[in-house]
Amino acid sequence: MLWYALVIIFLLVVRNGQPTKTNTIDKNDDIRSISSGTSFGECIGYCSQSINITSVPLRLNALKESHGDQIKYPTLRREFCFNFVDWQQLIALLDLEKFKMLDEIQGCPDCADGGAEWIEVNWSKGSKRVTFEYGALIA
C-alpha cells in the first residue's frame, strides 16, 4: 500500500495542483520510465524507498533498502503489473518540457536529516532526476 501512496504523492508533485490535461509528447521523446523515491541519511531501518514504473515491460517495481543492518532490514523488492490505461494517465500528467527545465536540486534535500525525495524521468533522448526536500512540492 505504501508504494501506491508514493505513486499518488508523485502524481501530486508533478501535477502541482494543476487540472489534468493531455500533453503532446514528441514521438522522439517517448517516456520510457518514471521513478520516484525517498531517502534519509541518518536513519535506522528502511532508509530508502523507491518505485520505478516502466513502459516496456509495463511494470511497477518497488524497492526498500536499509543503510545498515541487512540481516534485520533486508532489501525488499516487489514487482506489480501496471496497466496501459494507468500508464497513459500518468504520462498525461507530466509536462516533460517543464520538467526538463527544473533545477536538478531544489531547496536543501536531507539537510538536518529532513529527508530527500526525487523524481526521475527517462525518455528516448535522455533522462533527468530532480531531488528536493522531503514533503516539498516542486515548481
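Residue numbers (mature numbering (1 follows the signal peptide of the UniProt record, and there is no 0)): -17 to -1, 1 to 122.
Where a beta carbon is used, it is the ideal one built from N, C-alpha and C, also for glycine.
This one's a predicted model, so the numbers in the text were calculated from it and none came from an experiment.
message = Please classify I74 as buried or exposed, where buried requires at least 16 neighbouring CB atoms within 10 angstroms.
response = buried
request  = Alpha carbon to alpha carbon, how far is K108 from I14? Give it in angstroms, no decimals.
outcome  = 9 Å
ask   = Buried or exposed: which applies to I102, given that a residue is buried once 16 or more other Cβ atoms fall within 10 Å of its Cβ?
value = Residue environment: I102 is assigned as buried (16 or more neighbouring CB atoms within 10 Å of its CB, all protein chains considered).
query = Can the beta-carbon of A119 be found closer than 7 Å to that of G90?
reply = Yes.
task = Throw me the rounded Cβ distance for the G20 and S33 pair, which I believe falls under 8 Å.
result = 3 Å
Under the three-state DSSP convention, the category G97 falls into = coil
ask   = Can you tell which of Y117, E87, K83 has its C-alpha closest to the C-alpha of G98?
value = Among Y117, E87, K83, the Cα nearest to that of G98 is on Y117.
query = Which residue's Cα is closest to the Cα of P92: I17, S16, E25?
reply = E25
ask   = Anyone know if the C-beta pair for F65 and L41 falls short of 7 Å?
value = yes
request  = Taking only runs that begin and end inside the stretch 32 to 105, name each unbroken beta strand (DSSP E) of 3 or more residues, in chain order.
outcome  = 41 to 49, 59 to 64
inquiry  = Tell me the DSSP secondary structure of residue 126 in three-state form.
reply    = Nothing can be reported for residue 126: it is not among the residues displayed for the chain, which extend from -17 to 122.
inquiry  = Between L46 and the ligand ZN, is there a pair consisting of the residue's CB and a ligand heavy atom that are separated by less than 6 Å?
reply    = You won't find the ligand ZN in this model; it holds no ligand whatsoever.
ask   = Tell me, which residues are paired with I17 by DSSP?
value = I36, V104
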